[in-house]
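Asker: Below you will find the structure I want to go over with you.
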Amino acid sequence: MARATARHILVSSEAKCNELKAAIEAGADFAEIAKQHSTCPSSRDGGNLGSFGRGQMVKEFDTVVFSAPLNVVQGPVKTQFGYHLLEVTSRQD
175 MARATARHIL VSSEAKCNEL KAAIEAGADF AEIAKQHSTC PSSRDGGNLG
225 SFGRGQMVKE FDTVVFSAPL NVVQGPVKTQ FGYHLLEVTS RQD
């Protein structure tokens, strides 16, 4: 069974998501940005979602997590919860 570990940042607007992605790509620390800006409870842990299997997250999230290259920030990804930046930190297929 495929499993992945990932971290994310959840915000309410695509514009904010793009702004935070640009900051990370310019060298800002993903975990610190998550702690400061993410509206998800995972923000306390730098956006870390731990380990999960295929199908355990919403479809849009799941699709990116199980196809994106490792350690590359993806997004914005729109779900029913808002806009996410995702970083897959490991995956076992």
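In this text, residue positions in the sequence shown follow our numbering: the first is 175, and each later residue adds one.
Even for Gly, the Cβ is constructed at its ideal location relative to N, Cα and C.
None of the values given here were measured: they were computed from a predicted structure.
Is the CB-CB distance between Val239 and Ala180 below 8 Å?
Answerer: yes
Asker: Run through DSSP, which three-state label would Asn192 get?
Answerer: helix
Asker: Which residues bound the alpha helix (DSSP H) around Gln210?
Answerer: Phe204 to His211
Asker: Whose C-alpha, out of Met175, Glu188, Ala176 and Arg177, is nearest the C-alpha of Phe255?
Answerer: Glu188
Asker: Suppose you measure from the CA of Phe235 to the CA of Ala196; what does that come to, to the nearest Å?
Answerer: 20 Å
Asker: May I ask which residues mark the beginning and end of the alpha helix (DSSP H) holding Val238?
Answerer: Lys233 to Val239
Asker: Roughly how many angstroms lie between the CA atoms of Gln230 and Gly224, to the nearest whole one?
Answerer: Gln230 and Gly224: Cα-Cα distance of roughly 12 Å.
Asker: Cα separation between Arg228 and Ala202?
Answerer: 29 Å
Asker: What does the Cβ neighbour count give for Ala176, buried or exposed, with the cut at 16 atoms within 10 Å?
Answerer: exposed
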